[in-house]
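See below for the structure under consideration.
Protein chains: 4
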Amino acid sequence: MTKTANSIKTPVIIINFKVYAEATGEKAVRLATIAKNVADKSGVCIAVACQPTDIAMVANTGVPTLAQHVDPIHPGNHTGHILGEAIREAGAIGSLVNHSERQQTLAAIEKSLEILKRLGMVSVVCTNNVKTSKAVATLEPDFIAIEPPELIGTGIPVSKAKPEIVKNGVEAVKTSNPDVKVLCGAGITTREDICAALRLGAEGVLIASAVTCSNNPKKVLEELVQGVKRA
Amino acid sequence: MTKTANSIKTPVIIINFKVYAEATGEKAVRLATIAKNVADKSGVCIAVACQPTDIAMVANTGVPTLAQHVDPIHPGNHTGHILGEAIREAGAIGSLVNHSERQQTLAAIEKSLEILKRLGMVSVVCTNNVKTSKAVATLEPDFIAIEPPELIGTGIPVSKAKPEIVKNGVEAVKTSNPDVKVLCGAGITTREDICAALRLGAEGVLIASAVTCSNNPKKVLEELVQGVKRA
Amino acid sequence: MTKTANSIKTPVIIINFKVYAEATGEKAVRLATIAKNVADKSGVCIAVACQPTDIAMVANTGVPTLAQHVDPIHPGNHTGHILGEAIREAGAIGSLVNHSERQQTLAAIEKSLEILKRLGMVSVVCTNNVKTSKAVATLEPDFIAIEPPELIGTGIPVSKAKPEIVKNGVEAVKTSNPDVKVLCGAGITTREDICAALRLGAEGVLIASAVTCSNNPKKVLEELVQGVKRA
Amino acid sequence: MTKTANSIKTPVIIINFKVYAEATGEKAVRLATIAKNVADKSGVCIAVACQPTDIAMVANTGVPTLAQHVDPIHPGNHTGHILGEAIREAGAIGSLVNHSERQQTLAAIEKSLEILKRLGMVSVVCTNNVKTSKAVATLEPDFIAIEPPELIGTGIPVSKAKPEIVKNGVEAVKTSNPDVKVLCGAGITTREDICAALRLGAEGVLIASAVTCSNNPKKVLEELVQGVKRA
Numbered sequence: 000m001t002k003t004a005n006s007i008k009t010p011v012i013i014i015n016f017k018v019y020a021e022a023t024g025e026k027a028v029r030l031a032t033i034a035k036n037v038a039d040k041s042g043v044c045i046a047v048a049c050q051p052t053d054i055a056m057v058a059n060t061g062v063p064t065l066a067q068h069v070d071p072i073h074p075g076n077h078t079g080h081i082l083g084e085a086i087r088e089a090g091a092i093g094s095l096v097n098h099s100e101r102q103q104t105l106a107a108i109e110k111s112l113e114i115l116k117r118l119g120m121v122s123v124v125c126t127n128n129v130k131t132s133k134a135v136a137t138l139e140p141d142f143i144a145i146e147p148p149e150l151i152g153t154g155i156p157v158s159k160a161k162p163e164i165v166k167n168g169v170e171a172v173k174t175s176n177p178d179v180k181v182l183c184g185a186g187i188t189t190r191e192d193i194c195a196a197l198r199l200g201a202e203g204v205l206i207a208s209a210v211t212c213s214n215n216p217k218k219v220l221e222e223l224v225q226g227v228k229r230a
Numbered sequence: 000m001t002k003t004a005n006s007i008k009t010p011v012i013i014i015n016f017k018v019y020a021e022a023t024g025e026k027a028v029r030l031a032t033i034a035k036n037v038a039d040k041s042g043v044c045i046a047v048a049c050q051p052t053d054i055a056m057v058a059n060t061g062v063p064t065l066a067q068h069v070d071p072i073h074p075g076n077h078t079g080h081i082l083g084e085a086i087r088e089a090g091a092i093g094s095l096v097n098h099s100e101r102q103q104t105l106a107a108i109e110k111s112l113e114i115l116k117r118l119g120m121v122s123v124v125c126t127n128n129v130k131t132s133k134a135v136a137t138l139e140p141d142f143i144a145i146e147p148p149e150l151i152g153t154g155i156p157v158s159k160a161k162p163e164i165v166k167n168g169v170e171a172v173k174t175s176n177p178d179v180k181v182l183c184g185a186g187i188t189t190r191e192d193i194c195a196a197l198r199l200g201a202e203g204v205l206i207a208s209a210v211t212c213s214n215n216p217k218k219v220l221e222e223l224v225q226g227v228k229r230a
Numbered sequence: 000m001t002k003t004a005n006s007i008k009t010p011v012i013i014i015n016f017k018v019y020a021e022a023t024g025e026k027a028v029r030l031a032t033i034a035k036n037v038a039d040k041s042g043v044c045i046a047v048a049c050q051p052t053d054i055a056m057v058a059n060t061g062v063p064t065l066a067q068h069v070d071p072i073h074p075g076n077h078t079g080h081i082l083g084e085a086i087r088e089a090g091a092i093g094s095l096v097n098h099s100e101r102q103q104t105l106a107a108i109e110k111s112l113e114i115l116k117r118l119g120m121v122s123v124v125c126t127n128n129v130k131t132s133k134a135v136a137t138l139e140p141d142f143i144a145i146e147p148p149e150l151i152g153t154g155i156p157v158s159k160a161k162p163e164i165v166k167n168g169v170e171a172v173k174t175s176n177p178d179v180k181v182l183c184g185a186g187i188t189t190r191e192d193i194c195a196a197l198r199l200g201a202e203g204v205l206i207a208s209a210v211t212c213s214n215n216p217k218k219v220l221e222e223l224v225q226g227v228k229r230a
Numbered sequence: 000m001t002k003t004a005n006s007i008k009t010p011v012i013i014i015n016f017k018v019y020a021e022a023t024g025e026k027a028v029r030l031a032t033i034a035k036n037v038a039d040k041s042g043v044c045i046a047v048a049c050q051p052t053d054i055a056m057v058a059n060t061g062v063p064t065l066a067q068h069v070d071p072i073h074p075g076n077h078t079g080h081i082l083g084e085a086i087r088e089a090g091a092i093g094s095l096v097n098h099s100e101r102q103q104t105l106a107a108i109e110k111s112l113e114i115l116k117r118l119g120m121v122s123v124v125c126t127n128n129v130k131t132s133k134a135v136a137t138l139e140p141d142f143i144a145i146e147p148p149e150l151i152g153t154g155i156p157v158s159k160a161k162p163e164i165v166k167n168g169v170e171a172v173k174t175s176n177p178d179v180k181v182l183c184g185a186g187i188t189t190r191e192d193i194c195a196a197l198r199l200g201a202e203g204v205l206i207a208s209a210v211t212c213s214n215n216p217k218k219v220l221e222e223l224v225q226g227v228k229r230a
């Protein structure tokens, strides 16, 4: 594991800000501050993955901050790409990789992981099922976040709809590489969902709209940390 | 033309920071400051296109700041994408579109332009030859930057190697839409190059490594503004 | 216009076989034969766009045969790509370009058109709205097929739901380049739909599931040619 | 292993026809016939991967025929894509997957393999290094072909320039899944190269220009089968 991976303590709640209006610019900072406060009060680790434009300000709140994507490139002539060195200098401690909304080739995933590792940054690779999770585990990321794409944004928790994906995913990953931590995503909205996910072996969750699009993100997060504590 | 397009006065020198190490983070700010100072002293407009992580800090120097890419999306679930609203809130006044290192589908170019226009932002669409420049002109961008990809990074100025591309590009664009301003890129490094480009009808240049990778970017820029004045 | 473009007489019905099971392999040949027979009987030109694996057999029926996609490449090291020379040698007289299910960058569209023209093949560029149609018209394809993506596969005919797209599309294209012929697609299923499309100025239609997935494609085509004659 | 995988007997020479002019259409058939004859005479298995337009004719020569790419799709609305069912009906017994010139996302590789397996077809997944080979091995393809992209087309054999990639690749794959067979590619041109590759543990090679662009492909293949026999 990379050194900075230690800055993400499990069980962890990672909030993916995506490009929601409610999680852009000043609003991203406000949401990050709420996350920081709930984390500090509860002792449960909460990290956020924000847009590159917002990394500096969001990281400044003290919340562990991830980028949502990093390109498999070195400094040079790559206009419009996301450079590992740039997100790190801005304050990110790591990055999501291969999110289902920003998928990468296998070679790109491998190279992105190599870059993040070299930069001492945390990697959270998103996968869509048990098989691809097992494949990614061989590439030694810090985290794998299993998100069946058909459940993303539905409010149907993977831990309830397809518990076997979480259970078998954790088992496949750990068999391949016990150092890799498994998160689950897609549809987690309540304390019961997150509690169920952790009991299935997940070491955290990757959530998005349940928090970012909520009228009361603070309350949702307080709910979720209760679920974490109860697990 | 969008209102903010007025904030870019022609003839203009746009410096594409790409993801060069010399133009990332603190170094991006330093380079932007040099550009600002040369612009202020000479009266020649100089803008920069930086990485999304650096937009806020770079814009803060007062230099007109563009993003290098914007995705054709609205706020929502698009992890790892670049949102128009986000770059604007960070301080960008516009964006490059369809750079040869980050090409887009035709539908994406059209939608990106619509988004930038709606947000009151400047659009600089990159094209590779006369035909695609003429096609883009119908989409009513603020600027078209013609860069034959085979010359990018070669130090061979398009204004010298293929002057007919600049000349015919300007003519094709203006015939189609006289409001669109034409820049030329690829290989511009000296005052003679930029002077030649402007005399061929270009209203500015898009340059990158000649400035960003120079040991003395201030001197290079001072050279280039001399070329602008002489044209 | 290319020479072979003459082999597609307008008004034309182009059937996109997509990768429907009902239009693959032997079934593609059977469907092509039906199209050929209805065309011969009615005197209305019917062409088909089939999968690359089926081009030779489908072209052998005598129906004017298009590929569904061609890559902007020359012979060489491009594993897994579709070569213009290969589809031509197999018997195709042209190709769809930039279908909404297989979109291309602007530079790729331009280069694909150049390749098809050089090979003496017909080009049918798909576009999604009036603006992109106007842009493509400057690239001098033989045909532009306007298909608002939101209507594809819905059974809602563009000629009824958004007649202004057809009308304005035809006008924009003809103003830019009177030699380019305009087709419309998306949702055309009845003789009324196709009749309306032609009266709005379209010179043919691009259809898919209405024919390929019909229990009785012969009857559907006979309906459609009636609509063509009535227009 | 799939049933048809048995139709490829190891050690095997797979010739990637790419989209070389010398391996398109009638010339593809001629080259396939040469491969068939050398295989029959020598008893060494030789398979070819040709363009989709040529599969039917090439398979008709009796040579084991692969597609160069298959899309991770089911029959339906996917214009311009390559359907597993279509290449099978045309006569292919399998397909290359994820060639470095046609890379796929991880999810697409996994789904393509599932489709090929369901259709009883052979899968040959191309990878670029040891790590990605190990990752792919968990997805249970029939073959993995390791090709360091920097050596493709150079004539510098991977078995000589980077023997450790072949050796470690074989070891990593076999440790993960002993049923997966490993091929090596990139730069194999002589009997010594292929002999070295097999001695390093490879069960065959994936070659391209050395055969397809040769003035005398028969002689090159006869050379290579000698290398296979000597290994």
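Chains as they are written, first to last, in numbering that gives the first Met the number 0: chain A, 0 to 230; chain B, 0 to 230; chain C, 0 to 230; chain D, 0 to 230.
Positions of the beta carbon are idealized from the N, C-alpha and C atoms, including for glycine.
Using a Cβ-Cβ cut-off of 8 Å, state whether residue i counts as contacting chain A.
i	result
Glu109(D)	yes
Lys139(B)	First, the residue type needs correcting, since residue 139(B) is Glu and not Lys in the sequence shown. No - not a single Cβ of chain A is within 8 Å of the one on Glu139(B).
With 8 Å set as the bound, which would you pick, yes or no: does the beta-carbon of residue i sit closer than that to a beta-carbon of chain D?
i	result
Gln103(A)	yes
Met0(A)	Because the pLDDT of Met0(A) is 39, which lies under 50, any placement of that residue in the model is unreliable, and the question is left without a value.
Gly24(C)	yes
Pro63(C)	no
With a threshold of 8 Å between beta-carbons, can residue i be considered close to chain B, or not?
i	result
Val96(C)	no
Asp53(A)	yes
Gln50(A)	yes
Leu115(A)	no
So, are the CB atoms of residue i and residue j less than 8 Å apart?
i	j	result
Ile86(C)	Ile45(C)	no
Ile143(A)	Val124(A)	yes
Pro162(B)	Leu112(B)	no
Gly184(C)	Val210(C)	no
Arg101(B)	His73(B)	no
Val157(A)	Pro148(A)	no
Thr189(B)	Glu139(B)	no
Could you tell me the distance, in whole angstroms, from the CA atom of residue i to the CA atom of residue j?
i	j	result
Ser122(B)	Val165(B)	19 Å
Ala27(B)	Val57(B)	7 Å
Ala91(A)	Ala107(A)	20 Å
Gly24(D)	Thr52(C)	12 Å
Thr153(C)	Gly186(C)	6 Å
Gly83(B)	Gly61(A)	26 Å
Can you tell me which of the options puts its alpha carbon nearest to the alpha carbon of residue i?
i	options	result
Asn215(A)	Ile92(A), Gly24(A) and Ala34(A)	Ala34(A)
Ala48(B)	Leu105(B), Ser132(B), Ala160(B) and Ser94(B)	Ser94(B)
Gln103(D)	Asn76(D), Thr131(D), Gly119(D) and Leu197(D)	Thr131(D)
Glu109(B)	Thr126(C), Met120(C) and Cys212(C)	Thr126(C)
Pro71(D)	Leu105(D), Leu65(D) and Cys212(D)	Leu105(D)
Ile54(A)	Gly75(B), Thr60(B) and Ile81(B)	Ile81(B)
Glu21(C)	Ala38(D), Gly75(D) and Thr32(D)	Gly75(D)
Lys40(B)	Thr78(B), Val224(B) and Ala230(B)	Val224(B)
So if DSSP puts residue i in a beta bridge, which residue, or which two residues, is it bridged to?
i	result
Phe142(C)	Val123(C) and Lys180(C)
Ile45(C)	Ile12(C)
Ser94(B)	Ala66(B) and Ser122(B)
Val204(C)	Ile12(C) and Cys183(C)
Val172(B)	None, per the DSSP bridge assignment.
Would you please verify whether the beta carbon of residue i is less than 8 Å from any beta carbon of chain C?
i	result
Lys17(D)	yes
Ile206(D)	no
Taking 7 Å as the cut-off, is the beta-carbon of residue i closer than that to any non-hydrogen atom of the ligand MN?
i	result
Val227(B)	No copy of the ligand MN occurs in the structure displayed, which carries no ligand at all.
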